[in-house]
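Below: the structure, in structure tokens.
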Amino acid sequence: MRDTARTRVPEQQNRKVVRHSVRGQVLDALRAALVEGELAPGEIYSGPALGERFGVSATPVREAMQQLALEGVVECLPNRGFRVLTRTPAQMAELAEVRALLEVPVMLRLARTLPPEAWAALGPVAAQAAEAAAAGDLVRYADADRAFHRAVLALAGNGQLLLVADGLHRRSQWPLPGPRRPRRTDLVADAAEHVAMIGALTTGDLPLAESLTRAHFTHP
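Number 706 in our numbering belongs to position 47 of the sequence shown; there are no gaps in the numbering.
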């Protein structure tokens, strides 16, 4: 394993943070770097080096990294920095399965009980994800994708469900090792499924809505 704590810092143009809510902004920047693959699985990064890149001290970087460690994304290495954990395709499949077990039953129950106008109100949220996908913007799409699923699950009125599901969703968006950057066509196809689900629910086509919902969580 190469120790790149002092020599490798992800290239993130125009992503320096301001002093207000520094820790939160650093956390957002690190999460964006994970989505884009700039913080690579297996690599080690030091707090001072990342702090220099973001234009802040090492302290908010370490605090943000500790939060990522709690989320199971990195591990702390005393006197060295933080290593981004490597996850296998099998682990990613497990995440997808757990997400499906949580979200699919809720979405199908809501499909049977909510009026069409409740679903029509989510059309703009689905459209925002589609716009981000068309632009090939991984970070914006990751945010829009989670926003769509949060908006759907919020209709159930269960705050704990939102917290758990969003945490699982965020973890599922971080990349596998190697050149596995999602293609724009993959993003577009995923976003199109959101639009199609909302369309089916708005028109009251429950069989189609159920088919689309299950497929959304089970396709590769």
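Note that CB positions come from ideal geometry on N, CA and C, so glycine has one too.
Identify the continuous beta strand (DSSP E) that holds residue i and give its terminal residues.
| i | result |
| --- | --- |
| residue 740 | 740-743 |
| residue 765 | Run containing residue 765: none in the beta strand (DSSP E); it sits in the alpha helix (DSSP H), 748-772. |
Indicate the three-state DSSP secondary structure (helix, strand or coil) for residue i in the structure shown.
| i | result |
| --- | --- |
| residue 730 | coil |
| residue 692 | helix |
| residue 698 | coil |
| residue 736 | strand |
Pull up the CB-CB distance for residue i and residue j, whole angstroms please, since I reckon it's below 8 Å.
| i | j | result |
| --- | --- | --- |
| residue 825 | residue 805 | 6 Å |
| residue 815 | residue 769 | 6 Å |
| residue 797 | residue 695 | 5 Å |
| residue 775 | residue 861 | 5 Å |
| residue 698 | residue 686 | Not really, about 12 Å apart at Cβ, beyond 8 Å. |
| residue 832 | residue 801 | 5 Å |
| residue 706 | residue 724 | 7 Å |
Starting from residue i, follow the alpha helix (DSSP H) in both directions and report where the run begins and ends.
| i | result |
| --- | --- |
| residue 707 | 706-713 |
| residue 775 | 775-779 |
| residue 858 | 843-861 |
| residue 865 | 865-877 |
| residue 789 | 782-794 |
| residue 818 | 818-831 |
| residue 882 | No answer is possible for residue 882: the residues shown for the chain start at 660 and end at 879. |
From the beta carbon of residue i, is the nearest beta carbon of chain C less than 8 Å away?
| i | result |
| --- | --- |
| residue 764 | Structure shown: chain C not included; a single protein chain is present. |
Worksheet item: Do the region 844-855 and the region 743-760 make contact, defined as three or more Cβ pairs closer than 8 Å?
Response: Counting Cβ pairs under 8 Å, fewer than three are found: no touch.
Worksheet item: Taking contact to mean at least 3 C-beta pairs separated by less than 8 Å, is the region 803-817 in contact with the region 730-745?
Response: Here the region 803-817 does not lie against the region 730-745, with fewer than 3 beta-carbon pairs under 8 Å apart.
Worksheet item: Does the pairing of the region 854-871 with the region 780-789 give three or more beta-carbon distances under 8 Å?
Response: Yes, they touch.
Fill in: Given 8 Å, three or more beta-carbon pairs between the region 864-874 and the region 725-739
Taking 8 Å as the limit for Cβ pairs, the verdict is that the region 725-739 does not touch the region 864-874.
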